[in-house]
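Chains as they are written, first to last, in UniProt numbering: chain A, 1 to 137; chain B, 1 to 137. All C-beta atoms, glycine included, are put in the ideal place defined by N, C-alpha and C. Each remark here refers to the structure printed beneath this line.
Number of protein chains: 2
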Amino acid sequence: MNIGDVAILSGLPAKTIRYYEDIGLVKPLRSSNGYRTFCERDAHRLAFLGRARALGFSIEDCRSLLALYGDEKRASAEVKEIAEQHLQRIDKKIAELTEMRVTLSFLVDACTGDHRPDCPILADLAMKQSDEEQPNQ
Amino acid sequence: MNIGDVAILSGLPAKTIRYYEDIGLVKPLRSSNGYRTFCERDAHRLAFLGRARALGFSIEDCRSLLALYGDEKRASAEVKEIAEQHLQRIDKKIAELTEMRVTLSFLVDACTGDHRPDCPILADLAMKQSDEEQPNQ
DNA sequence: CTAGAGCTTCCACTCGCTGGAAGGTCAAGC
DNA sequence: GCTTGACCTTCCAGCGAGTGGAAGCTCTAG
């Protein structure tokens, strides 16, 4: 298989697959013309990577997951550990975004959004009028 | 004010403030020794930037917001537009993360996490056993 | 006069790709 | 045999939003 075929199979762009080779996630052979030659196993690894990335795992997590996947003597605890840490990162990010969302939607609702210059959004970002001295503890 | 003072006032690292000057968000004067000299207005703009960034606005959004802030003839509708678009991006990101979270926490719960190699997390990422042919439409 | 803190610039690195240029290779059609 | 176009190769640059570090200048206190 050439890179184009495995790109279609895995759903990853050819550029991304080349990049994954660069960083050592796949090691396709080369045919005499210099083209990369992917075997079934390579295609499978790439699909695995695509799914792991879609779940938001970092490239380094993916590297570990692939290693565990290839290790028949792995303990599922190791996999679970990685997944749980990732889950915590996701939860943290959701919490951050949700907090932004709360503030932002409050400000958006408070803004009339017309031709006049008065704007609670800018007022909040500027925080000029005495709010500056508000103790936040 | 030197950069260290304004860093404390705005809560931004000095490195970040230099970067903001690089990209034209603040334009501090220079004193004869080459040091940046920040006025009240600069400090105020930097604090504004810190708050806007904390709400997740992109640098380009911040640039627009600062311009609107400085324009006394702005229409609040323009500000609201930027904020609403940002809110949509946040909602989209939360939705993506939540979807990841659902799948991931399902898999984590399904994994015993012990010394044995069997692992539903890896099984899902590999998706070997006939799930591959599952129509997803 | 010296030590240390603070300031300067510049370059490289992060993460995970993505775009594009310049050029080699292959298969089909004439 | 030749051309065309699709495919492949490498390499370099850039995204966003900074961060780290090196080398060197300036200021202030003792």
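- As a beta-bridge residue in DSSP terms, T37(A) pairs with L29(A).
- Contact residues of the segment 97-114 of chain A toward chain B are L97, T98, M100, R101, T103, L104, S105, L107, V108, C111, T112, G113 and D114 (C-beta to C-beta distance below 9 Å).
- L107(A) is the residue among T112(A), L107(A), I90(A) and G113(A) whose C-alpha sits nearest the C-alpha of M127(A).
- The beta carbon of Y35(A) sits closer than 6 Å to the beta carbons of N2 from its chain, once the five residues preceding and following it are set aside; these are given in chain order.
- Within the same chain, Cβ atoms closer than 7 Å to the Cβ of P120(A) are found at L107, A110 and C111, the five residues on either side in sequence being excluded.
- In terms of Cβ geometry, R74(A) and P117(B) form a close pair [threshold 8 Å].
- In the displayed model, E60(A) falls within a helix according to three-state DSSP.
- DSSP, reduced to helix, strand and coil, places P120(A) within a helical segment of the structure shown.
- Counted as a single uninterrupted DSSP element, the alpha helix (DSSP H) harbouring D5(B) occupies residues I3 to S10.
- Around the beta-carbon of H115(B), fewer than 16 other beta-carbon atoms lie within 10 Å, marking it exposed.
- Burial is judged here by how many other beta carbons sit within 10 angstroms of a residue's own beta carbon; Y20(A) has at least 16 and is buried.
- Between D118(A) and chain B, the shortest Cβ-Cβ separation is below 8 Å.
- Only residues of its own chain outside the window of five on either side were considered, and among them D61, S64 and L65 have a CB closer than 7 Å to the CB of I82(B), listed in chain order.
- Contacts with chain B (Cβ-Cβ distance below 7 Å) from the segment 67-84 of chain A involve L68, Y69, E72, K73, R74, A75, S76, A77, V79, K80, A83 and E84, listed in chain order.
- Among the CB atoms of chain B, one or more fall inside 8 Å of the CB of R51(A).
- Neighbours of L122(B) in chain A, taken as residues whose beta carbon is under 9 Å from its own, are F48, L65, L68, Y69, R74, S76 and V79 in chain order.
- Every alpha helix (DSSP H) of 4 residues or more that sits fully in the segment 48-94 of chain B is shown, in chain order, as 59-70.
- By the neighbour-count criterion, in which 16 or more other beta carbons inside 10 Å mark a residue as buried, R101(B) falls on the buried side.
- Comparing C-alpha distances from L87(A) to each of L97(A), N33(A) and G56(A) shows the shortest one belongs to G56(A).
- For T16(A), the uninterrupted alpha helix (DSSP H) run begins and ends at A14 to D22, by DSSP.
- Among the residues of chain B, those whose CB is under 9 Å from the CB of M127(A) are A47, F48 and R51, following chain order.
- By the CB criterion at 8 Å, L125(B) and F48(A) fall inside the cutoff.
- Interface flag for K93(B) against chain A is set, since a Cβ pair is found closer than 8 Å.
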